[in-house]
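In what follows, a single structure is set out as structure tokens and then discussed.
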């Protein structure tokens, strides 16, 4: 299926190891505070399988892991608590105020996430499951081998208020985190389907129901369609 922004096929990447598959892979993304995780849970309730990049990141950033060691070497041991666990607020204070530091963090974390995500995709490779890849930076990273990209969207002011109300951000931090990401327009430009989450939970339920009906209308991959590893 062509990417509407670039005109290239999501599955056109050539090269490395491939696996036979008939699963349908869809990317799900959205800015911080958009309600992407809630939408993902609703899609799972409809029958989708979920691979969550945030969960993978937390697993890779467990105490003593290579990713955490690399982060401490780059940013200093003060980002670690006494028990070796990552002080996420200390990292956030560094990277979300400096684009170069954020790029350095991404260079450490993203390749490892791509490799681990590929491993987790393999468990569905011989099924006909609908697999949702929940990836916050999906658009920026240009993940391939996806049948389509779904974006969960809401106005900036709504996202700011959610971060304040539900995640204990102060307003300045919430706006800084949102500003560090790509814009709504950039994100939506590459979406085949946009879930509007600018209202209440009942509205979101209806939007996800509408999305699931759209997913059911998509062409399923042929047996033997390639699964292209991420992060290669």
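Numbering (this note's numbering), first residue to last: 9 to 240.
The C-beta atom is built at its ideal place from N, Cα and C for all residues, glycine as well.
Keep in mind that this is a model prediction, so the values were computed, not measured.
query, result
"Nearest CA to the CA of residue 203: which residue from 36, 164, 176, 31?", "36"
"Name, in chain order, the residues that DSSP records as bridge partners for residue 217.", "Beta-bridge pairing links residue 217 to no other residue."
"Tell me whether residue 179 is buried or exposed, calling it buried when 16 or more other Cβ atoms sit within 10 Å of its Cβ.", "exposed"
"Grab me the residues of residue 146's own chain with a C-beta within less than 7 angstroms of its C-beta, minus the 5 sequence neighbours each way, in chain order.", "35, 37, 157"
"Express the C-alpha separation of residue 186 and residue 71 in angstroms, rounding to a whole number.", "28 angstroms"
"Closest to residue 163 by CA distance: which of 128, 133, 124, 208 is it?", "208"
"How many whole angstroms separate the CB atoms of residue 142 and residue 192, which I take to be in contact at a CB cut-off of 8 angstroms?", "The Cβ separation is near 18 angstroms, so there is no contact."
"My understanding is that residue 99 touches residue 83, with C-beta atoms under 8 angstroms, so please give their C-beta distance in whole angstroms.", "7 angstroms"
"Using CA coordinates, which residue listed in 212, 132, 201 is at the minimum distance from residue 224?", "201"
"Is residue 148 helix, strand or coil by DSSP?", "For residue 148, the predicted structure reports a pLDDT of 48, less than 50, and the residue's modelled location is therefore unreliable. A value from the coordinates is still provided. If DSSP states are grouped into helix, strand and coil, residue 148 belongs with the helices."
"May I have the straight-line CA-CA distance separating residue 198 from residue 94, to the nearest angstrom?", "33 angstroms"
"Report the residue from 130, 75, 42 whose alpha carbon sits nearest the alpha carbon of residue 118.", "75"
"Would you identify the three-state DSSP class for residue 83, choosing helix, strand or coil?", "helix"
"State whether the region 121–139 contacts the region 37–47, with contact taken as three or more CB pairs (one from each stretch) at a distance under 8 angstroms.", "no"
"For residue 201, report the span of its beta strand (DSSP E) as first-last.", "201–204"
"Can you give me the C-alpha to C-alpha distance between residue 168 and residue 183, rounded to a whole angstrom?", "6 angstroms"
"Reducing DSSP to helix, strand and coil, say where residue 3 ends up.", "The structure shown has nothing for residue 3, since the chain only spans 9 to 240."
"Please report how far the alpha carbon of residue 106 lies from the alpha carbon of residue 96, in whole angstroms.", "16 angstroms"
"Indicate the three-state DSSP secondary structure (helix, strand or coil) for residue 138 in the structure shown.", "strand"
"For residue 188 and residue 228, I'd like the C-alpha separation in whole angstroms.", "36 angstroms"
"Roughly how many whole angstroms lie between the Cα atoms of residue 148 and residue 154?", "The predicted position of residue 148 is uncertain, since its pLDDT is 48 and thus under 50; a value taken from the coordinates is nonetheless stated next. C-alpha separation (whole angstroms): 14 angstroms."
"Considering only the alpha carbon of each residue, which of 44, 32, 170 lies closest to residue 159?", "44"
"Counting only runs of 4+ residues fully inside the region 149–184, write out the alpha helix (DSSP H) ranges in chain order.", "164–175"
"Look up residue 33 in the DSSP assignment and give the residues it is bridged to.", "139"
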